[in-house]
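Here the structure comes first, spelled out in structure tokens, and everything after it is commentary.
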Amino acid sequence: MLPDPHQAQADAALLQLGRRLRADGYRFTCVTPATHARNNARGGAQRAANLRDVFGWSRAFMPSLISADALEQLRTAQVVDDDGELLRSRVRWSNLDDLLLVHSAYPTEASDAVFFGPDSYRFAQVIHDHLQRSPVRVERAVDIGCGSGVGALLIARAVQHAHVSAVDINPLALRYTAINAALAGVTNVAIQPSNLLDALGGNFDLIVANPPYMLDHSQRTYRHGGGDLGAALSLRIVEQACERLTPGGSLLLYTGVAIVEGRDPLLEAIRLRLAGPEWAWVYREVDPDVFGEQLSAPGYERVERIAAVALTVNRSA
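So, in structure tokens, the structure goes:
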């Protein structure tokens, strides 16, 4: 398939906007949707007063608030909406340490929204901790469901000799990952569409994933984990990834689980799938209580809490 010149032009404009923001010292830490909503509901917060309001808090802004060049880049990238006399960006820019990452604006209601938030920061810490202590040389790695590209970029920068794949079923996620990789100056990441590992051959020394884990009746790609309570995709990743690990290789899965009457159904399923001497694994709660507002959604009537968890699986050498 030939590349779309209009899409290439749009992505180049978005990359230039990211470079402009970084050069101007822009910084924003992305928060949960509930915290975002509370900030934007405060008096005087409906209209943007600065670049963080525009590109972090997703607030409507007067065209005169940003430079003519930045406004032209937004228009060329096709990521600005007219809201009467005001405009609104359809993308956000958030920082992860020294990385600047483009992702979807708040609220992330579109079916192809590309999410970044507190889970991304925790996922990044899981990867960082593993790379700091693992003695295994990583030659080939993959970030399953890469989203904005956090996992792939962190591995590629830390292990510059490695070949790192970033895969997703969402074309917009692949576009944003490519922009974020270019902005970070990372050249050892291959970006391609794939349903989990279906489009990739061979085995991997390191597989990372931060899949959606909610029960989402709209079945948005970034949010819906499938199954009764959102754990189905996480289990599919464990099953596929373990088959594709090299001897001594590792899977890092950061996800969430709905705790029902004190039981962790994801942990119970993982115990069955990873029984035997071939696997050494550690499962831990990273945060015992995340996205509490989800408990009022249909399907969560028996759920006590949603926990963020990290699973590390090592295949015997």
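Note that the numbering used here numbers the sequence shown so that position 67 is 59, with each residue one more than the last.
Cβ atoms here follow ideal geometry from the backbone N, Cα and C, with glycine treated the same way.
In this text, all values refer to a predicted model and were calculated from it rather than measured experimentally.
* Asked: Below 9 Å between beta carbons: does that hold for Ala144 and Val181?
  -> Position 152 of the sequence shown, counted from the first residue, corresponds to residue 144. Position 189 of the sequence shown, counted from the first residue, corresponds to residue 181. Against a cut-off of 9 Å, the Cβ pair of Val181 and Ala144 comes out as a contact.
* Where does Asn306 sit, in a helix, a strand or coil, going by DSSP? -> Against the sequence shown, residue 306 aligns to sequence position 314. It is a strand residue.
* Asked: Any heavy atom of the ligand ADP closer than 8 Å to the Cβ of Ala201?
  -> Absence of the ligand ADP from the depicted structure is noted, as is the absence of any ligand whatsoever, leaving it without description.
* Mapping DSSP to helix, strand and coil, what is Gln184? -> Against the sequence shown, residue 184 aligns to sequence position 192. Gln184 falls in the strand class under three-state DSSP.
* Asked: Can you name the start and end residues of the alpha helix (DSSP H) that Asn147 belongs to?
  -> Locating residue 147 in the sequence shown gives position 155, counting from the first residue. The sequence given here places Ile at residue 147; Asn does not occur at that position. Here the alpha helix (DSSP H) through Ile147 covers 142 to 150.
* To do: Tell me where the alpha helix (DSSP H) around Phe107 begins and ends.
  => On the sequence shown, position 115 is the one that residue 107 refers to. That residue, Phe107, is in no alpha helix (DSSP H); it is neither H nor E in DSSP.
* **DSSP three-state assignment for Ile229, whether helix, strand or coil** => What you label residue 229 is simply residue 237 of the sequence shown in a count that begins at 1. DSSP places Ile229 in helix when its eight states are reduced to three.
* Asked: What does a CB cutoff of less than 6 Å around Met(-7) pick up in its chain, not counting 5 residues either side in sequence?
  -> For the purposes of this step, residue -7 is taken as the residue at position 1 of the sequence shown. Because the pLDDT of Met(-7) is 49, which lies under 50, any placement of that residue in the model is unreliable, and the number read from its coordinates should be weighed accordingly. Counting only Cβ-Cβ distances below 6 Å, and skipping sequence neighbours, we find nothing.
* Quick one: what does DSSP say Val130 is sitting in, helix, strand or coil? -> Counted from its first residue, the sequence shown places residue 130 at position 138. DSSP places Val130 in coil when its eight states are reduced to three.
* Asked: So, are the CB atoms of Leu266 and Arg236 less than 9 Å apart?
  -> Residue 266 sits at position 274 when you count from the first residue of the sequence shown. Residue 236 sits at position 244 when you count from the first residue of the sequence shown. No.
* To do: For Leu88, write down the residues that DSSP places opposite it in a beta bridge.
  => Sequence index remark: in the sequence shown, residue 88 carries index 96 (1-based). Leu88 pairs with Leu91.
* Boundaries (first-last residue) of the alpha helix (DSSP H) holding Phe47 -> The residue given as residue 47 occupies position 55 in the sequence shown. Per DSSP, Phe47 is one residue of the alpha helix (DSSP H) stretching across 43 to 47.
* **Residues bridged to Ser59 (per DSSP)** => Along the sequence shown, read from residue 1 onward, the residue named residue 59 stands at position 67. Paired residue(s): none; Ser59 is not in a bridge.
* CB Leu164 to CB Asp111, shorter than 9 Å? -> Numbered from its first residue, the sequence shown carries residue 164 at position 172. Numbered from its first residue, the sequence shown carries residue 111 at position 119. Not a contact, by the Cβ cut-off of 9 Å.
* In whole angstroms, what separates the C-alpha of Leu7 from that of Ala261? -> For the purposes of this step, residue 7 is identified with residue 15 of the sequence shown, where counting begins at 1. For the purposes of this step, residue 261 is identified with residue 269 of the sequence shown, where counting begins at 1. Answer to the nearest angstrom: the Cα atoms are 42 Å apart.
* For the region 196 to 208 and the region 222 to 240, state whether three or more C-beta atom pairs, one from each stretch, are separated by less than 8 Å. => yes
* Asked: Do the region 28 to 39 and the region 59 to 77 make contact, defined as three or more Cβ pairs closer than 8 Å?
  -> no
* Return the first residue and the last residue of the beta strand (DSSP E) that Gly10 is part of. => In the sequence shown, residue 10 corresponds to position 18, counting from 1. Here Gly10 belongs to no beta strand (DSSP E); instead the alpha helix (DSSP H) covers -3 to 15.
* Cα-Cα separation between Gly194 and Gly141, rounded to whole angstroms -> Here residue 194 corresponds to residue number 202 of the sequence shown, with the count starting at 1. Here residue 141 corresponds to residue number 149 of the sequence shown, with the count starting at 1. Whole-angstrom Cα-Cα distance: 21 Å.
* To do: Starting from the Cα of Ile298, find the closest Cα among Tyr18, Ala0, Gly248 and give me that residue.
  => For the purposes of this step, residue 298 is taken as the residue at position 306 of the sequence shown. The shortest C-alpha separation from Ile298 is found at Gly248.
* Proximity to Asn162 [Cα-Cα], best of Gly139, Ala148, Arg114 -> Here the question's residue 162 lines up with position 170 in the sequence shown. Comparing Cα-Cα distances from Asn162 to each of Gly139, Ala148, Arg114, the minimum goes to Gly139.
* Asked: Is Phe283 near Met206, with beta carbons less than 9 Å apart?
  -> Within the sequence shown, the letter at position 291 stands for residue 283. Within the sequence shown, the letter at position 214 stands for residue 206. In contact: Phe283 and Met206 (Cβ atoms closer than 9 Å).
* May I have the straight-line CA-CA distance separating Ala102 from Arg132, to the nearest angstrom? => Counted from its first residue, the sequence shown places residue 102 at position 110. Counted from its first residue, the sequence shown places residue 132 at position 140. In a straight line, the C-alpha of Ala102 is about 33 Å away from that of Arg132.
* Asked: With C-beta atoms as the reference, is Arg44 less than 9 Å away from Arg19?
  -> For the purposes of this step, residue 44 is taken as residue 52 along the sequence shown, with counting starting at 1. For the purposes of this step, residue 19 is taken as residue 27 along the sequence shown, with counting starting at 1. In this structure, Arg19 lies closer than 9 Å to Arg44 by Cβ.
* Between Ile171, Arg129, Val156, Ala158, which lies nearest to His95 when the distance is taken from Cα to Cα? -> Numbered from its first residue, the sequence shown carries residue 95 at position 103. His95 has its Cα closest to that of Ile171, out of Ile171, Arg129, Val156, Ala158.
* Indicate the three-state DSSP secondary structure (helix, strand or coil) for Ala250 in the structure shown. => Walking along the sequence shown from the start, residue 250 turns up at place 258. Ala250: strand per DSSP, three-state reduction.
* Should Ser355 and Val46 be called a contact, given that it needs their Cβ atoms to be closer than 9 Å? -> This structure leaves residue 355 out entirely; the chain is present only between -7 and 309.
* To do: Provide the residue span of the alpha helix (DSSP H) that contains Arg263, from first to last.
  => As a working note, residue 263 is residue 271 in the sequence shown. Its alpha helix (DSSP H) spans residues 257 to 265.
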